[in-house]
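Chemist: FYI, the numbering used here numbers position 18 of the sequence shown as 19, with every residue one higher than the one before it.
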Amino acid sequence: MQDKTPIVFPKLAIVGKGAIGGLIGFKCHQLGYDYQHLIKIQQQQAVTVTDISGVSHNLTPHTSVIAEPDQFDLLILPVKAYQVLPVLVQLQPFIQPQHIIMLLHNGMGTIEQVRKQLPNNPLIAATTSYGAFKPDVNRLIETGLGQTHLGWLANVDTALKQSIEPILSKLLPPSKWHQDINLALWKKLAINAVINPLTAIHNLKNGELADIKYSTSISNICDEIAKVMSALGYLVDSAELVENVQQVITATANNYSSMHQDIKFKRQTEIAFINGYVTSKATELNIEVPHNLRLVEQVRRLE
2 MQDKTPIVFP KLAIVGKGAI GGLIGFKCHQ LGYDYQHLIK IQQQQAVTVT DISGVSHNLT
62 PHTSVIAEPD QFDLLILPVK AYQVLPVLVQ LQPFIQPQHI IMLLHNGMGT IEQVRKQLPN
122 NPLIAATTSY GAFKPDVNRL IETGLGQTHL GWLANVDTAL KQSIEPILSK LLPPSKWHQD
182 INLALWKKLA INAVINPLTA IHNLKNGELA DIKYSTSISN ICDEIAKVMS ALGYLVDSAE
242 LVENVQQVIT ATANNYSSMH QDIKFKRQTE IAFINGYVTS KATELNIEVP HNLRLVEQVR
302 RLE
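This is the structure:
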C-alpha cells in the first residue's frame with residue numbers, strides 16, 4: 002500500500018465534555034494542540050481544571066456543535082460504548098475516508114460496529130487508567146495518573162503512524178502502542194467485568210470488593226473470561242486477571258465505578274459491552290459462562 006501524505010499537525014475533535022473527554026481537552030490545551038469539543042448545543046463555557054498536583058487552571062475550551070462541526074482530522078470518542086455508533090452515524094456526513102477514528106471507552110464490541118459503518122477509515126482503539134471527575138459542569142478534577150495503551154486496527158500505513166503516534170502519545174502518558182491492542186482491551190475488560198457489575202449490584206465503593214466474601218465471585222468471573230480469551234488465542238492465566246482486578250480495587254478503593262453511578266442515577270449502563278460481550282463471544286465459542294450471564298441479568302433488572 003502506498004503511504005499517505007503525513008498529517009503535519011492534526012485538528013483533533015473530542016466528542017462530548019465528559020470527565021475523560023474534558024481531561025483530554027485540558028491536555029490538548031497544555032500541549033498547544035488544535036482541538037475542539039463536539040457538543041449538542043453551542044456554548045463557550047469557562048472550565049476550572051484541578052490537576053493531579055492540586056493546581057487549578059482556568060480555560061475556555063473551543064467547542065462546536067456536533068450537528069455542524071468545525072473541520073477535523075482525528076476524531077476521539079471518549080463516550081459510553083452504546084453512544085459510539087449513534088455518534089458516528091450523526092457525524093458521518095462530515096467524516097472523510099482519511100479521517101482517523103479513535104475509540105476510548107469501557108467494554109468491547111464497538112470495533113466491529115465501527116469497521117462496518119466506516120470501513121475505509123484509519124481506526125485506533127485505546128484504553129487508559131487515568132482518572133477524572135466532574136463535580137459539576139464547569140469543574141474537572143484529575144483524580145489519578147495512569148498509563149494508556151493504543152493500537153491501530155485498520156487502514157494504517159507507515160507515514161500515518163509516524164505523524165500521529167507521537168502526538169497521541171503525549172496526551173495521557175506514558176503511552177504504549179501495541180501490534181495487537183485486543184489483548185490489552187481484553188485485560189481491561191476483565192477488570193471492568195468484575196468491578197462494574199459487583200459494585201453496582203451490591204451498592205459498594207470499589208475498595209469494598211477486597212472483602213473476602215467477594216473473592217469467590219471475582220475468581221469465577223475471571224476464570225470464565227480466561228477461558229474465552231484462551232479460545233480466542235490470548236493465552237492468559239485466570240490468576241493474572243484476578244491479580245489485575247485486585248490491584249485496581251486497591252488503587253481505586255475510594256471510587257465508585259461508572260456502572261454503580263449509572264444505576265444510582267438511573268442511566269443506561271454499558272453491561273452489554275462488558276459482561277454482555279463476554280457472554281456473546283462465549284456463545285460463539287460454545288463456552289459456558291454462567292457467572293457472567295447472571296451478572297448481565299442482575300444489572301439489567303436494576304437498570
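Built from N, CA and C at the ideal position, the CB exists for glycine as well.
On a predicted model such as this, the values are computed, not experimentally measured, just so you know.
Taking only runs of the beta strand (DSSP E) that begin and end inside the segment 63-119, which ones reach a length of at least 3 residues, in chain order?
Modeler: Runs found: 64-66, 75-78, 101-105.
Chemist: Pull up the CB-CB distance for Q91 and T64, whole angstroms please, since I reckon it's below 8 Å.
Modeler: Here residue 91 refers to the residue found at position 90 when the sequence shown is read from its first residue. Here residue 64 refers to the residue found at position 63 when the sequence shown is read from its first residue. Between the beta-carbon of Q91 and that of T64 there is about 16 Å, and that puts the pair past the 8 Å contact cut.
Chemist: From this set, Q72, P79, N107, A82, which residue's C-alpha is nearest I96's C-alpha?
Modeler: One-based indexing of the sequence shown puts residue 96 at position 95. Comparing Cα-Cα distances from I96 to each of Q72, P79, N107, A82, the minimum goes to Q72.
Chemist: CB of Q180 to nearest heavy atom of the ligand NAP: below 7 Å?
Modeler: The ligand NAP is not among the ligands present in this structure, which contains no ligands whatsoever.
Chemist: Got a sec? Which residues, its chain only, sit under 7 Å from Q114 by beta carbon, not counting five neighbours each side?
Modeler: Counted from its first residue, the sequence shown places residue 114 at position 113. Correct list, in chain order: V85, L86.
Chemist: If I measure Cβ to Cβ from I288 and keep anything under 7 Å in the same chain, skipping five residues before and after, which residues do I get?
Modeler: Stepping through the sequence shown from its first residue, residue 288 is reached at position 287. Counting only Cβ-Cβ distances below 7 Å, and skipping sequence neighbours, we find K228, V229, A232.
Chemist: Beta-carbon within less than 6 Å of L146's beta-carbon, same chain only, minus the 5 sequence neighbours each way: which residues are those?
Modeler: Taking the first residue of the sequence shown as 1, we reach residue 146 at position 145. Once the five neighbours on either side are set aside, the close Cβ partners of L146 are I53.
Chemist: I need the boundaries of the alpha helix (DSSP H) containing G277, first residue and last residue.
Modeler: Along the sequence shown, one-based indexing puts residue 277 at 276. Here the alpha helix (DSSP H) through G277 covers 276-285.
Chemist: Let me know the secondary structure DSSP gives Q163 once reduced to three states.
Modeler: Indexing the sequence shown from 1 puts residue 163 at position 162. Q163: helix per DSSP, three-state reduction.
Chemist: Put F27 into one of helix, strand or coil per three-state DSSP.
Modeler: Residue mapping note: residue 27 aligns to position 26 of the sequence shown, counting from 1. Three-state DSSP puts F27 in a helix.
Chemist: What residue does the alpha helix (DSSP H) around N197 start on, and which one ends it?
Modeler: Within the sequence shown, residue 197 is the residue found at index 196, counting from 1. 183-203 is the span of the alpha helix (DSSP H), which, as asked, contains N197.
Chemist: Note down, one range per segment and in chain order, each alpha helix (DSSP H) of at least 4 residues found wholly within the segment 208-248.
Modeler: 216-232
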